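Asker: Sequences listed follow chains A and B, in order.
First residue of the first sequence? That's 1 in the working numbering, and the numbers climb one at a time after it.
First residue of the second sequence? That's 525 in the working numbering, and the numbers climb one at a time after it.
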Amino acid sequence: MGMNTQGRPTRMAENIATGGYADTISGSRGLDQAEPLIFERGDMDRCGVDLPDPKGLKTRLGGQERKAPIGLPGLAEPETMRHYVRLSRKNYAIDLGLYPLGSCTMKHNPRLNEKIARLPGFADVHPLQPAATVQGAYQLMGELAHWLMTLTNMPAVALSPKAGAHGEFCGMMAIRAKLDADGQTGRRRILVPESAHGTNPATAVQCGFTVDEIPADKTGRVDMEAFKAKLGDDVAGIMLTNPNTCGLFERDIREIADLIHEAGGYFYCDGANFNAIVGRVRPGDLGVDAMHINLHKTFSTPHGGGGPGSGPTVLSEALAPFAPVPYVVETAKGGWEMVEHMDDAEGDPFGRMAAFHGQMGMFTRALTYMMSHGSDGLKQVAEDAVLNANYIQARLKHVMTPAFDGTCMHEALFDDRFLKDTGVTTLDFAKAMIDEGYHPMTMYFPLVVHGAMLIEPTETESMSGLDRFIEVLEALATAAKDGDKDRFLAAPVHAPTKRLDETRAARQPVLRWTAPTDTVEAAE
Amino acid sequence: MLDAIGVASIDDLFTDVPEAARLDGLIDLPTRQTELQVERAMSAMASRNVAASHAPFFVGAGAYKHHVPATVDHLIQRSEFLTAYTPYQPEISQGTLQTLFEFQTQVALLTGMDVANASMYDGSTACAEAVMMAARVTRRTKAVMAGSVHPHYVEASKTLAKYSDVAITVTDAAPADLDAVIAEIDDTTACVVVQTPDIFGRLHDLREISRIAHEKGALVIAVFTEAVSLGLVEAPGHMGADIAVGEGQSIGVGLNFGGPYVGLFACKDDRRFIRQMPGRLAGETVDADGRRGYVLTLSTREQHIRRDKATSNICTNSGLCALAWTIHMTLLGEKGLTTLARLNHETACELADALGSIPGVEVVNDSFFNEFTLLLPKNADQVVNELAHVGVLGGVPASRLYPGRFENYLIVAATETNTPEDIAVFAKALAGVL
Chain A
1 MGMNTQGRPT
11 RMAENIATGG
21 YADTISGSRG
31 LDQAEPLIFE
41 RGDMDRCGVD
51 LPDPKGLKTR
61 LGGQERKAPI
71 GLPGLAEPET
81 MRHYVRLSRK
91 NYAIDLGLYP
101 LGSCTMKHNP
111 RLNEKIARLP
121 GFADVHPLQP
131 AATVQGAYQL
141 MGELAHWLMT
151 LTNMPAVALS
161 PKAGAHGEFC
171 GMMAIRAKLD
181 ADGQTGRRRI
191 LVPESAHGTN
201 PATAVQCGFT
211 VDEIPADKTG
221 RVDMEAFKAK
231 LGDDVAGIML
241 TNPNTCGLFE
251 RDIREIADLI
261 HEAGGYFYCD
271 GANFNAIVGR
281 VRPGDLGVDA
291 MHINLHKTFS
301 TPHGGGGPGS
311 GPTVLSEALA
321 PFAPVPYVVE
331 TAKGGWEMVE
341 HMDDAEGDPF
351 GRMAAFHGQM
361 GMFTRALTYM
371 MSHGSDGLKQ
381 VAEDAVLNAN
391 YIQARLKHVM
401 TPAFDGTCMH
411 EALFDDRFLK
421 DTGVTTLDFA
431 KAMIDEGYHP
441 MTMYFPLVVH
451 GAMLIEPTET
461 ESMSGLDRFI
471 EVLEALATAA
481 KDGDKDRFLA
491 APVHAPTKRL
501 DETRAARQPV
511 LRWTAPTDTV
521 EAAE
Chain B
525 MLDAIGVASI
535 DDLFTDVPEA
545 ARLDGLIDLP
555 TRQTELQVER
565 AMSAMASRNV
575 AASHAPFFVG
585 AGAYKHHVPA
595 TVDHLIQRSE
605 FLTAYTPYQP
615 EISQGTLQTL
625 FEFQTQVALL
635 TGMDVANASM
645 YDGSTACAEA
655 VMMAARVTRR
665 TKAVMAGSVH
675 PHYVEASKTL
685 AKYSDVAITV
695 TDAAPADLDA
705 VIAEIDDTTA
715 CVVVQTPDIF
725 GRLHDLREIS
735 RIAHEKGALV
745 IAVFTEAVSL
755 GLVEAPGHMG
765 ADIAVGEGQS
775 IGVGLNFGGP
785 YVGLFACKDD
795 RRFIRQMPGR
805 LAGETVDADG
815 RRGYVLTLST
825 REQHIRRDKA
835 TSNICTNSGL
845 CALAWTIHMT
855 LLGEKGLTTL
865 ARLNHETACE
875 LADALGSIPG
885 VEVVNDSFFN
895 EFTLLLPKNA
905 DQVVNELAHV
915 GVLGGVPASR
925 LYPGRFENYL
935 IVAATETNTP
945 EDIAVFAKAL
955 AGVL
């Protein structure tokens, strides 16, 4: 693409078109550097990797050679480094500050975990090597399984699910398989609270169930009367998050479990919030039949800008025989082996969830975290997370409006009543937090609360860090009430970009770069 | 802090827990350990594995050992990438969003398709989701999978489809052509699923099957497990595929004992398709000053908006592995990727010549990229174990993927990481154990 450097207006337009600023010549502002796409920077002849020259042997591709160029640009190593380092600086991260995304559990990611995951004995091992050459990997899976089963007091665990939603799928498939094995083919209705994560209803449907929503009561928990009224001989089970997405422990959980079991159904617990109770409460003692555990939440494997995750799923005695392949077993001789095929399994597995054996890179990190903390440290993780959330709720309840009375678990839920008549919405409030150097809380979720703001500090934050955060939110809430609306509606003004037009992105989707038709050159 | 909250103790914050479920003491697991202690214990476990770099290594079948430049692992460990969440607040997530937009474009270019999503968990789940998507797009229920698609991909697809109205037919694995798949195509067929290079390493021309499938209104899903192959062989999009899915592990990610990997998912730019796509999509837009920027978009397909009517239940995908993939691909560029692909193919040719000249050993393939199948005069599982005993990681017995079948067949892969010495050691060891 030819750069027209002949006049300022054109340069400004070019800067804006490639994401730069209009008021500098370069499009950068000091350390906030403009960074065009690789397609606008690189070219097809440039390469940042050292490779020997091919010998030019005759190919054996059966006539399947690629006919046309691919169109992939390359960058030299220093250019590559700069491109991604510059882009990285446009991201918020837990290493930069408090990241209070409720339900997402943004806690510190200890770097020992990264170091261990990169040991060649874990990182540089192929999943289909002969068993004798991967005994340490099988052992690691066995030890992780032991920790997860002991922490939950559950008799079985499937390690292979690749994320939370995949774990939900695992648990619900096991329930479906158990019902079918028992001839309970009329049971197809799954009860799901309105406050549930969207993955719950989506998963239930994937397993051939229909979804029946249960309302919340005034305390933010399952409405027991509504729940009881929905029980019947077509009910397959309930999917319940505990602590729930309002940050509250479901006090009636044992009764819910008993009633669903009496009705012939099963209890799926969404374990996204296990970090609030780990080491203190074992889900197996609550009557749970299946629960996934997000290793990327409770056990600190990094979120990586949207994954990878890992969602091992613990199963009750009733569901264990239907666990998917593969899984590891300890042999009589003290070694380990992998059961990879349905026909070799002891039970009646519902299938295989994905290729190979699961998210090994997450297993190493999570087990490192567990061993570092131990049973005592994990208990403290839950306690500190709950303490921190309650501290925020207590200190902010005079200026913001908690959605429910009483103490909370690991996250504090506010609604938007305190913004009534201010002209400021939850979204505006969140964007103003960005200007103050904080990542916003989870917004507009759970759906049962109007203008929800769900704040999860995790155990990572110190009291002084929380105090600073609280002071900022206090001042923002006061500013909104005092009519300082512009501060919110314009926000963010101190972020790498101003508010982005999401409607336009959805109405006129541009999902990839395409080569521009160069009008300047065409005119010449 | 307790005073501010108005409680006397931590226990008072857990009073909603039913009494019967309150624990008195600690759970029966070891207590906390120092960094040094943990490192020692984990290193001991790691040392019980034979790392791929520590042996002549020829194992493939869906995961491949390639050299990953040091730059890649350094960059993905930048705090701002490693410890960020899904980019829900785009104004402070442009780093992740722009790299995803670049990733999507690179995947689309590589596969010869129009658009790609921001990644799936891995190749197998991308394949399974593609089958379900094809059924939604065509409103048909029959899926035909070639028996030469990676068996784990077939099993993952069957699991996802198990309680849906989609029925999956799998053709026999052995024949080299796609005639059996073509024979299954009828007016109820939603899609055919074919892999090239297939699990035995054979390459397939998809043009004929695409023409026939399209005549019957069925979609073609092209699968690949070795992304590097696309630097040398024809892209699925140029052979009529409607959806291309595959494993991205071989670029930037590493072996990791099977995960995490990164699923690549691309399709045609057709409204019907894009509306039915699973997973996240980054899209271009402008900010309030008119400056270009990126957001997650078309989320009305996704579970957090559409709930029980979502196209998939996927939420977390494989962001950091997608980042590793796109960085490695940027370092390679067209020139690097095509060179890398050619080096892989040439190494495989040399390996095929070396092994094929051993008496009793036959190279089954007429065509291959960097992986092919050997017919041995004895049980391949036994051979692999005997090779491991002499320090050679010599491939995957086909029976490990097809239990009870192909017992004398061995699938072997070669990449740019294999030296002439590796090949010589392997050939000598194989001759020795036969």
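Note that the Cβ used here is the ideal one computed from N, Cα and C, for glycine as well.
Small disclaimer: the values here were computed from a predicted structure and weren't measured.
(1) In the structure shown, what three-state DSSP assignment does B/Y818 receive?
(2) Does chain B have any CB closer than 8 angstroms to the CB of A/T10?
(3) With DSSP collapsed to three states, give me the class of A/P193.
(4) When DSSP builds the beta bridges, which residues end up paired with A/N91?
(5) Give me the chain A residues within the contact set of B/C791, using Cβ-Cβ distance strictly less than 8 angstroms, ordered along the chain.
(6) So which residues of chain B does A/L140 contact, with C-beta pairs closer than 7 angstroms?
(7) From A/T185 to A/V235, what does the alpha carbon distance come to, in whole angstroms?
(8) What three-state label does DSSP hand A/D486 in the structure shown?
(9) Residues in its own chain within less than 6 angstroms of B/T871 by CB, not counting five upstream and five downstream?
(10) Going by alpha carbons, who is nearest to A/R29 out of A/A506, A/N113, A/A495 and A/R221?
(11) Let me know the secondary structure DSSP gives A/G208 once reduced to three states.
(12) For B/R825, which residues from the same chain have a beta carbon less than 6 angstroms from its beta carbon, with the 5 sequence-adjacent residues on both sides left out?
(13) Classify A/C246 as helix, strand or coil using the three-state DSSP reduction.
(14) Hey, out of A/R60, A/R86, A/D285 and A/Q135, whose CA is closest to A/W336's CA?
(15) Can you tell me whether A/Y84 sits near the ligand ZN, meaning its C-beta is under 7 angstroms from at least one heavy atom of the ligand?
(16) What does the alpha-carbon distance come out to for the pair A/A522 and A/M12?
(17) I want to see whether chain B comes within less than 8 angstroms of A/H126, judged by CB atoms only; does it?
(18) Taking 6 angstroms as the limit between beta carbons, can you name the residues of its chain near B/G772, skipping five residues before and five after?
(19) I'd like to confirm the pairing. Which residues does DSSP put opposite B/K666 in its beta bridges?
(20) May I have a chain-ordered list of the alpha helix (DSSP H) segments no shorter than 4 residues that lie completely inside the segment 97-175 of chain A?
(21) Is there a Cβ from chain B that is less than 8 angstroms from the Cβ of A/A204?
(22) Check whether the Cβ of B/D890 lies closer than 8 angstroms to any Cβ atom in chain A.
(23) Pull up the distance between the alpha-carbon of A/M3 and that of A/R46, whole angstroms please.
(24) Is B/T695 buried or exposed, if buried means 16 or more other CB atoms sit within 10 Å of its CB?
(25) Anything in the segment 604-619 of chain B with a Cβ closer than 7 angstroms to a Cβ of chain A? List those residues in chain order, please.
(26) Does the segment 424-434 of chain A come within contact of the segment 488-502 of chain A, defined as at least 3 CB pairs closer than 8 angstroms?
(27) Suppose you measure from the CA of A/R60 to the CA of B/S891; what does that come to, to the nearest Å?
(28) Give me the Cα-Cα distance between B/G881 and B/A955, rounded to the nearest whole angstrom.
(29) Exposed or buried, what is A/T519 when buried is set at 16 or more other beta-carbons lying within 10 Å of its beta-carbon?
(30) Show which residues of chain B have a CB atom less than 7 angstroms away from the CB atom of A/C104.
(31) So, do the segment 630-639 of chain B and the segment 676-691 of chain B have three or more beta carbon pairs nearer to each other than 8 angstroms?
(32) Just to confirm the assignment: which complete alpha helix (DSSP H) runs, minimum length 4, are found wholly within the segment 13-78 of chain A?
(33) Does any C-beta atom of chain D lie closer than 8 angstroms to the C-beta of A/E411?
(34) Evaluate contact between the segment 762-782 of chain B and the segment 720-733 of chain B, counting only Cβ atoms and requiring at least three cross-stretch pairs below 8 angstroms.
(35) Taking DSSP as the reference, what is the three-state secondary structure of A/W513?
(36) According to the Cβ coordinates, are A/G311 and A/G164 closer than 8 angstroms?
Answerer: Considering the structure as presented:
(1) Indexing the second sequence from 1 puts residue 818 of chain B at position 294. B/Y818: strand per DSSP, three-state reduction.
(2) Taking the first sequence and counting its residues from 1, one reaches residue 10 of chain A at position 10. For A/T10, no Cβ of chain B is located within less than 8 angstroms of the residue's own Cβ.
(3) Residue 193 of chain A sits at position 193 when you count from the first residue of the first sequence. In this structure, A/P193 counts as strand in the three-state DSSP scheme.
(4) Taking the first residue of the first sequence as 1, we reach residue 91 of chain A at position 91. DSSP output for A/N91 lists B/S617 as bridge partner(s).
(5) Translated into the one-based positions of the second sequence, residue 791 of chain B becomes position 267. When 8 angstroms is used as the limit between beta carbons, B/C791 is near no residue of chain A, the shortest such separation being about 11 angstroms.
(6) As a working note, residue 140 of chain A is residue 140 in the first sequence. Here the neighbours are M569.
(7) Translated into the one-based positions of the first sequence, residue 185 of chain A becomes position 185. Translated into the one-based positions of the first sequence, residue 235 of chain A becomes position 235. The straight-line gap from Cα to Cα measures roughly 11 angstroms.
(8) The residue given as residue 486 of chain A occupies position 486 in the first sequence. Three-state result, A/D486: helix.
(9) Walking along the second sequence from the start, residue 871 of chain B turns up at place 347. Within the same chain, B/T871 has close Cβ partners A938 and N942.
(10) Taking the first residue of the first sequence as 1, we reach residue 29 of chain A at position 29. Minimum Cα distance to A/R29 is reached at A/A495.
(11) Translated into the one-based positions of the first sequence, residue 208 of chain A becomes position 208. Coil at A/G208, not helix or strand.
(12) By one-based count along the second sequence, residue 825 of chain B stands at place 301. Apart from the 5 residues on each side of it in sequence, B/R825 sits with its Cβ closer than 6 angstroms to the Cβ of T835 in its chain, given in chain order.
(13) Here residue 246 of chain A refers to the residue found at position 246 of the first sequence. The answer is coil: DSSP assigns A/C246 none of H, G, I, E or B.
(14) For this step, residue 336 of chain A is matched to residue 336 along the first sequence. Ranked by how close their Cα comes to the Cα of A/W336, the residues A/R60, A/R86, A/D285 and A/Q135 have A/Q135 in first place.
(15) The ligand ZN is not part of this structure, which contains no ligands at all.
(16) Taking the first residue of the first sequence as 1, we reach residue 522 of chain A at position 522. Taking the first residue of the first sequence as 1, we reach residue 12 of chain A at position 12. Because the pLDDT at A/A522 is just 40, under 50, the model does not fix this residue reliably, and the point stays unresolved.
(17) By one-based count along the first sequence, residue 126 of chain A stands at place 126. So, interface residue.
(18) In the second sequence, counting from the first residue as 1, residue 772 of chain B sits at position 248. Once the five neighbours on either side are set aside, the close Cβ partners of B/G772 are A751, V786, L788 and W849.
(19) To locate residue 666 of chain B, count along the second sequence from 1; it is residue 142. Paired residue(s): B/A691 and B/T713.
(20) 111-117, 120-123 and 135-152, all fully within the segment 97-175 of chain A.
(21) As a first step, residue 204 of chain A is located in the first sequence; it is residue number 204 there, counting from the start. By this cut-off, A/A204 is an interface position.
(22) Along the second sequence, one-based indexing puts residue 890 of chain B at 366. Yes, because at least one Cβ of chain A sits closer than 8 angstroms to the Cβ of B/D890.
(23) The residue given as residue 3 of chain A occupies position 3 in the first sequence. The residue given as residue 46 of chain A occupies position 46 in the first sequence. Bear in mind that a pLDDT of 46 at A/M3, under 50, signals an unreliable position, so the model cannot answer this.
(24) One-based indexing of the second sequence puts residue 695 of chain B at position 171. The residue in question, B/T695, is buried, as its Cβ has 16 or more Cβ neighbours within 10 Å.
(25) Result list: E604, F605, L606, T607, A608, Y609, T610, P611, Q613, P614, E615, I616, S617, Q618 and G619.
(26) Counting C-beta pairs with one atom in each stretch, the segment 424-434 of chain A and the segment 488-502 of chain A have three or more that are closer than 8 angstroms, which means they touch.
(27) Mapped onto the first sequence, residue 60 of chain A falls at position 60. Mapped onto the second sequence, residue 891 of chain B falls at position 367. About 5 angstroms.
(28) Position 357 of the second sequence holds residue 881 of chain B. Position 431 of the second sequence holds residue 955 of chain B. With the sequence shown as reference, residue 881 of chain B is identified as Ser, and Gly is not the correct amino acid for it. Cα to Cα, the separation comes out at about 10 angstroms.
(29) Looking up residue 519 of chain A in the first sequence gives position 519. Reliability fails at A/T519, whose pLDDT of 49 lies under 50, so the model's placement of it is uncertain and no value is given.
(30) Residue numbering aside, residue 104 of chain A sits at position 104 when the first sequence is read from its first letter. Below the 7 angstroms Cβ cutoff, chain B contributes Y609 as neighbours of A/C104, in chain order.
(31) No: fewer than three Cβ pairs fall under 8 angstroms.
(32) Fully enclosed alpha helix (DSSP H) runs of 4 or longer: 38-41.
(33) Note that chain D does not occur in the displayed structure, where the protein chains are A and B.
(34) The segment 762-782 of chain B vs the segment 720-733 of chain B: in contact.
(35) On the first sequence, residue 513 of chain A is found 513 positions in, with the first residue counted as 1. Coil at A/W513, not helix or strand.
(36) Here residue 311 of chain A is taken as the residue at index 311 of the first sequence, counted from 1. Here residue 164 of chain A is taken as the residue at index 164 of the first sequence, counted from 1. Closer than 8 angstroms, so yes.
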